[in-house]
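Reading the sequence shown from the start, the letters are residues 32 to 580 in our numbering.
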Amino acid sequence: MIVTNGRVLTMDPARPRAEAVALAGGKVLAVGTAEEVGALAGPGCRVIDAGGRTVLPGFVESHLHLVLGGAELTNLQLADVMGFADLKAAFLRFAAANPDRPLLMAQGAAYEVLDRPVTRHDLDAIIADRPIAMMAPDHHTVWANTAALRAAGLLHGAEMPHGHVVVMAEDGTASGELREFEAFGPILALGGAAHLQLGIATGGEPDPWPDAAQRAADKEKVAAGLAHCAAHGVTTMINMDGNLYTCALLAEMQAEGRLTARVRVPFHFKPHMDLDALDRATVMTEAHDDDWLRAGMVKMFMDGVVDSRTAYMLQDYPGTAERGEPLFSPAAFDAICIEADRRGLQIAVHAIGDAAVRQTIDGYEAAQRANGRRDSRHRIEHIELIDRADVPRLGALGITASVQPPHAPGAMDFPLSTMEHVFHRDRWRDAYLTRTLADHGAPLAFASDWPVTDVNVMRGIQAALTRVPFDGAGDERVGLMEILHAYTAGGAWAGHWEDVTGTLRPGLAGDLVVIDGDVEALAPGRVGATGIALTVAGGRVTHDSGVLA
32 MIVTNGRVLT MDPARPRAEA VALAGGKVLA VGTAEEVGAL AGPGCRVIDA
82 GGRTVLPGFV ESHLHLVLGG AELTNLQLAD VMGFADLKAA FLRFAAANPD
132 RPLLMAQGAA YEVLDRPVTR HDLDAIIADR PIAMMAPDHH TVWANTAALR
182 AAGLLHGAEM PHGHVVVMAE DGTASGELRE FEAFGPILAL GGAAHLQLGI
232 ATGGEPDPWP DAAQRAADKE KVAAGLAHCA AHGVTTMINM DGNLYTCALL
282 AEMQAEGRLT ARVRVPFHFK PHMDLDALDR ATVMTEAHDD DWLRAGMVKM
332 FMDGVVDSRT AYMLQDYPGT AERGEPLFSP AAFDAICIEA DRRGLQIAVH
382 AIGDAAVRQT IDGYEAAQRA NGRRDSRHRI EHIELIDRAD VPRLGALGIT
432 ASVQPPHAPG AMDFPLSTME HVFHRDRWRD AYLTRTLADH GAPLAFASDW
482 PVTDVNVMRG IQAALTRVPF DGAGDERVGL MEILHAYTAG GAWAGHWEDV
532 TGTLRPGLAG DLVVIDGDVE ALAPGRVGAT GIALTVAGGR VTHDSGVLA
């Protein structure tokens with residue numbers, strides 16, 4: 032295959048620009064002028080005229096949830112629904128179209144969907160005789176009606192691990208709000224796919240192991256997620272939750288020729304686990320370590336999210352005496368980091384509050400003191416608030432800032448009003464930093480956290496380009512080339528994939544994306560509406576919009 036007449040941004044410092052790319056045997060054969068590369072065309076070669084469009088290495092999605100996203104594509108989507116009337120209408124339409132579903136599950140319900148905190152009684156007023164539930168965009172809160180709570184055994188509360196809460200009402204019954212994965216896991220289980228949630232919910236494995244029929248159904252959900260990602264130019268991803276079952280599904284799909292993106296699957300280490308649980312991470316790493324499916328990573332949650340005030344802060348939330356709590360004690364977390372690092376495993380930690388970020392940095396520093404400095408590329412995911420004293424520590428310790436341009440309130444889909452509720456005004460300058468982290472030496476890797484936000488990379492690029500500074504804060508935007516790097520070569524490096532993908536140069540993977548326009552010439556406010564003309568992973572077309580000859 033030859034893609035020619037393009038504005039090729041290779042992300043290779045040795046040859047940053049070109050006009051054409053030739054692929055053969057799943058790899059990049061040549062990069063150069065249209066004349067140089069065109070001379071390689073022979074019988075059976077497909078020549079694609081890019082027509083002046085931008086050609087990039089395939090996008091690297093550094094933080095998403097593939098299995099969850101694929102499974103949720105068929106649920107009710109509430110991203111643009113606000114107010115009781117519209118919420119009721121959406122649920123009733125969905126219920127009529129799905130009369131046999133054991134659970135009517137909705138995604139993307141804004142915390143502000145009603146003008147008050149949502150209760151089970153609000154959802155009962157929509158549908159009372161069938162279990163219904165809806166999940167917040169951040170996937171850390173679910174609201175359920177009485178029928179769902181009763182069916183899940185949660186109506187009268189339940190004992191939960193630290194940090195996971197069945198919120199109780201004054202009458203001694205569940206209010207309907209469920210915070211964090213293990214609290215709402217029994218609700219999701221009503222839909223029959225609880226085993227797909229285990230990687231992120233408990234870190235456990237299905238018991239019994241799903242049979243061939245169930246695995247086939249699960250693989251269809253994964254395939255739907257892969258196709259959805261390919262339509263947005265994604266060729267490599269880190270599935271930020273995982274277990275042995277996730278790896279088994281993906282390995283089967285790889286053997287069947289259905290794995291259309293490169294996937295890294297971390298082992299999810301939960302607070303209740305002992306250190307020897309890392310043996311499972313080692314087993315995953317030894318079993319899956321090729322160019323398409325890799326493990327080699329441990330994922331942890333240090334805290335929750337700001338909207339439910341479960342993110343761990345150095346100060347109380349505005350107007351409250353709450354500041355959240357860490358999910359790991361400092362001593363336990365340090366020990367996990369030291370042991371994981373000793374085993375050569377990369378560590379990725381969800382840390383949103385400034386106290387959670389500090390404790391995570393401390394753990395990585397403890398690992399470096401114990402084991403010596405190595406090319407670990409440990410990462411912090413999200414970093415929504417950071418104390419200024421901790422900013423230079425990322426660069427000094429070689430910690431990757433894995434951040435999501437769509438997450439900053441006001442930048443894409445999340446309302447700016449969130450800032451008022453969860454951050455003190457004098458701390459807005461420390462929220463959702465990008466430019467500042469990069470200026471202090473932290474490598475950047477960009478992502479969407481799909482299905483928390485839209486996986487559309489072009490919308491993510493626009494969010495990064497057009498984000499307006501918060502009141503009293505500096506401009507945290509980085510330039511277009513830095514953004515593109517964070518979605519390609521930077522993401523590949525952050526995932527230990529730079530030997531495989533992330534740049535267009537001979538010998539690396541034939542992973543590329545053709546943007547349906549010249550991204551350098553587009554007005555920043557139009558980038559998000561620009562589609563993907565072609566996606567190629569390993570030399571195979573995984574998405575073709577049909578606009579190219």
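Glycine residues also receive a C-beta, built at the ideal position from the N, C-alpha and C atoms.
{"Query": "Own chain partners of Leu-97 with C-beta closer than 6 Å, once the 5 adjacent residues on each side are dropped", "Result": "Gly-256 and Asn-270"}
{"Query": "Span of the beta strand (DSSP E), counted from its first residue to its last, around Glu-208", "Result": "205-210"}
{"Query": "Spatial neighbours of Ala-363 in its chain, beta-carbon cut-off 8 Å, leaving aside the 5 residues before and after", "Result": "Pro-302"}
{"Query": "Those residues which DSSP pairs with Val-52 across a bridge", "Result": "Val-34 and Val-62"}
{"Query": "CA nearest to the CA of Ala-232, picked from Ala-220, Trp-240, Pro-241 and Asp-242", "Result": "Ala-220"}
{"Query": "CB contact check: Phe-298 to chain D, cutoff 8 Å", "Result": "The chain labelled as chain D is not found in the depicted structure, where only one protein chain is given."}
{"Query": "Contact the region 149-158 vs the region 240-248: 3+ CB pairs below 8 Å", "Result": "no"}
{"Query": "Presumed contact (8 Å Cβ cut-off) between Ala-262 and Ile-492, rounded CB distance", "Result": "The pair is not a contact, with the Cβ atoms about 16 Å apart (cut-off 8 Å)."}
{"Query": "Alpha-carbon to alpha-carbon, Arg-400 and Ser-93", "Result": "27 Å"}
{"Query": "Whole-number beta carbon distance between Glu-208 and Gly-194, since they are thought to touch under 8 Å", "Result": "Contact doesn't hold; Cβ gap of about 15 Å is too wide."}
{"Query": "Three or more C-beta pairs below 8 Å linking the region 429-437 and the region 314-322", "Result": "no"}
{"Query": "As assigned by DSSP and simplified to three states, the class of Thr-85", "Result": "strand"}
{"Query": "Nearest-angstrom Cα separation, counted from Glu-529 out to Ala-523", "Result": "5 Å"}
{"Query": "Secondary structure of Thr-465, DSSP reduced to three states", "Result": "coil"}
{"Query": "Same chain only: Cβ atoms within 7 Å of Trp-459, ignoring 5 sequence neighbours per side", "Result": "Met-450, Phe-501, Asp-502, Gly-503 and Ala-504"}
{"Query": "Best match in Tyr-276, Pro-237 and Thr-532 for proximity to Val-253 [C-alpha to C-alpha]", "Result": "Tyr-276"}
{"Query": "Leu-132 versus Met-165 - alpha carbon distance", "Result": "First, the residue type needs correcting, since residue 132 is Arg and not Leu in the sequence shown. Cα to Cα, the separation comes out at about 14 Å."}
{"Query": "Segments of 4+ residues assigned as alpha helix (DSSP H) that fall wholly inside the region 268-327", "Result": "275-286 and 309-318"}
{"Query": "Own chain partners of Gly-83 with C-beta closer than 8 Å, once the 5 adjacent residues on each side are dropped", "Result": "Asn-36, Gly-37, Arg-38 and Asp-549"}
{"Query": "Alpha-carbon to alpha-carbon, Val-198 and Asp-338", "Result": "15 Å"}
{"Query": "Beta-carbon spacing of Gly-526, Arg-295 below 8 Å", "Result": "yes"}
{"Query": "Met-165 in three-state terms, based on DSSP", "Result": "strand"}
{"Query": "Cβ-based neighbour list, Ala-387, same chain, cut-off 7 Å, excluding 5 preceding and 5 following", "Result": "Met-333, Asp-334, Ala-342, Tyr-343 and Pro-357"}
{"Query": "Contacts around Asp-547, its chain only, beta-carbon distance under 8 Å, and the 5 residues preceding and following it disregarded", "Result": "Arg-84, Thr-561, Gly-562, Ile-563, Ala-564, Ser-576 and Val-578"}
{"Query": "Where Val-499 falls, given that 16 or more other Cβ within 10 Å makes a residue buried", "Result": "exposed"}
{"Query": "Ile-417, DSSP secondary structure in three states", "Result": "coil"}
{"Query": "Nearest candidate by alpha-carbon position, reference Ile-411, set Pro-349, Arg-389, Pro-44 and Val-196", "Result": "Arg-389"}
{"Query": "Inter-residue CB distance, Ile-423 and Asp-393 (contact presumed, cutoff 8 Å)", "Result": "For the record, residue 423 in the displayed sequence is Pro; it is not Ile. Pro-423 to Asp-393, Cβ: 14 Å. No contact."}
{"Query": "C-alpha distance - Val-336 paired with His-171, whole-angstrom precision", "Result": "7 Å"}
{"Query": "Where Asp-406 sits in the DSSP three-state scheme", "Result": "coil"}
{"Query": "DSSP three-state assignment for Asp-80, whether helix, strand or coil", "Result": "strand"}
{"Query": "Exposed unless 16 or more other CB atoms sit within 10 angstroms - verdict on Leu-40", "Result": "buried"}
{"Query": "Own chain partners of Leu-309 with C-beta closer than 8 Å, once the 5 adjacent residues on each side are dropped", "Result": "Phe-298, Phe-300, Val-329, Ile-367, Glu-370, Ala-371, Arg-374 and Leu-376"}
{"Query": "Alpha carbon of Leu-447 to alpha carbon of Gly-441, nearest angstrom", "Result": "5 Å"}
{"Query": "Limits of the unbroken beta strand (DSSP E) element including Ser-433", "Result": "431-434"}
{"Query": "Contact the region 56-72 vs the region 98-117: 3+ CB pairs below 8 Å", "Result": "no"}
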